[in-house]
Amino acid sequence: MSRPLPALSDLTGRVAVVTGAARGMGAAHAAALSARGARVLLVDRDREVNEAAAALRAEGAEAIALQLDITADDAAARIRRALADGFSDGAPHLDILVHNAGIAHDWRTLDETEAASLDPYYAVNVKAPYAITRGLVDLLRESEHGRVVLISSTWGQVPDGHSFGYMIAKAAQLGLMKALAAALLPDGILVNAVAPGAIHTRMIPDEVYDLELSAVPLGRLGRPEEIAETVAFLASDGAGFLTGQTISVNGGALTVGI
């Protein structure tokens, strides 16, 4: 028999939105939140998001899906409608907003990276989270437990010599987190970031697996569920005195240097 979760981890009755939730870390975030009692809207541009939500419902969770490109101008409005139709009988509610959607890094160096190639990274990692948060902030203000969590990257903290679009956008995402944390602090909305290191998902292709593994002092890649546990903590009352912070989950990479 499993032990009950601590009261500070209980998310029963709260409503969460997770972007990029069709698979990998996003699906793991949704599962971790729903396991603690949250009702979860899974958002992704891939149709597999419907299967991810169905899998959670099969386990008894309240989960719905929205197939959506988060860079669309009406993304926040469509999320609002999905919340109203799926959970609240016409009155949308939101407590937890997890910005997980991202773009895989491209491994290009400075000389190989045109300025225009930064645009897609910035659109997904910075502009869309800003626009969606701004578009839904009134719902978060109505909540007694408003939380925003952005999924950045260790490379947003300590860059290396390639994947310039990815690194710049992830660093900018941490700046966005701090700006949102300061702006929303008077409303009691807590904003934090998680910076994963090398995590075993489809974003790490086979040809660079060994390179990624060599940068992890712990000797293995991380699991999506390990990042999701940190996200669930930041969404909970246990993190009620924490805002404007980045938690780096990287198997020791920043401890000994990457």
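For what it's worth, my numbering labels the leading residue of the sequence shown as 1079, then goes sequentially.
Glycine included, every Cβ here is placed at the ideal spot set by N, Cα and C.
Please read all numbers here as calculations on a predicted model, not as lab measurements.
Anyone know if the C-beta pair for residue i and residue j falls short of 9 Å?
i	j	result
His1171	Leu1161	yes
Ala1271	Ile1229	yes
Arg1117	Asp1147	no
Leu1254	Leu1262	no
Ile1181	Pro1198	yes
Asn1203	Lys1248	yes
Leu1218	Arg1225	yes
Val1215	Val1309	no
Ala1099	Arg1125	no
Could you pull out every residue in the same chain whose Cβ sits closer than 8 Å to the Cβ of residue i, ignoring the five residues on either side in sequence?
i	result
Ser1241	His1183, Asp1184, Trp1185, Arg1186, Trp1233
Val1096	Gly1104, His1107, Ala1108, Leu1111, Val1118, Leu1119, Leu1120, Val1121, Val1176, Asn1178
Would you decide whether residue i is buried or exposed? Buried here means 16 or more other CB atoms lie within 10 Å of its CB.
i	result
Ala1273	buried
Asp1238	exposed
Tyr1287	With a pLDDT of only 47 at Tyr1287, under the threshold of 50, the placement of this residue in the model should not be trusted; the figure read from the coordinates follows. Burial call: exposed.
Ala1155	exposed
Phe1311	buried
Gly1318	exposed
Pro1302	buried
Leu1120	buried
Leu1086	exposed
Ala1153	buried
Gly1275	buried
Gly1168	exposed
Ala1136	exposed
Can you tell which of the options has its C-alpha closest to the C-alpha of residue i?
i	options	result
Gln1235	Glu1126, Gly1098, Gln1323	Gln1323
Leu1134	Val1121, Ala1105, Arg1158, Arg1125	Ala1105
Ala1209	Ile1157, Ser1166, Phe1165	Ile1157
Ser1221	Leu1086, Ala1085, Ser1087, Arg1092	Arg1092
Ser1326	Tyr1244, Leu1320, Ser1231	Ser1231
Tyr1244	Tyr1200, Ala1136, Gly1266	Tyr1200
Gly1266	Leu1252, Arg1159, His1223	His1223
Gly1102	Ala1306, Thr1321, Gln1251, Gly1164	Ala1306
Thr1321	Leu1252, Gly1164, Glu1137, Leu1299	Leu1252
Gly1213	Glu1304, Ser1166, Asp1151	Asp1151
Looking only at its chain, what residues have a beta carbon closer than 6 Å to the beta carbon of residue i, apart from the 5 residues adjacent to it on each side?
i	result
Ala1206	Ile1148, Thr1149
Ala1094	Leu1111, Ala1116, Val1118, Ile1174
Phe1165	Val1093, Arg1117
Ala1250	Val1204
Asn1328	Thr1232, Gly1275
Can you list, in chain order, the residues of its chain with a C-beta nearer than 7 Å to that of residue i? Leave out the 5 residues immediately preceding and following it.
i	result
Leu1089	Leu1111, Arg1114, Gly1115, Ala1116, Ala1313, Ser1314
Met1079	In this predicted model, Met1079 has a pLDDT of only 42, less than 50, meaning its place in the structure is not dependable enough to derive any value.
Thr1211	Leu1175, Val1226, Leu1258
Review point. Does the region 1186 to 1198 touch the region 1125 to 1136, meaning 3 or more C-beta pairs lie closer than 8 Å?
Key: no
Check your understanding: Three or more C-beta pairs closer than 8 Å, one from the region 1138 to 1147 and one from the region 1190 to 1198: is that the case here?
Key -> no
Check your understanding: Given 8 Å as the limit, is there contact between the region 1104 to 1116 and the region 1135 to 1142, that is, 3 or more CB pairs closer than that?
Key -> yes
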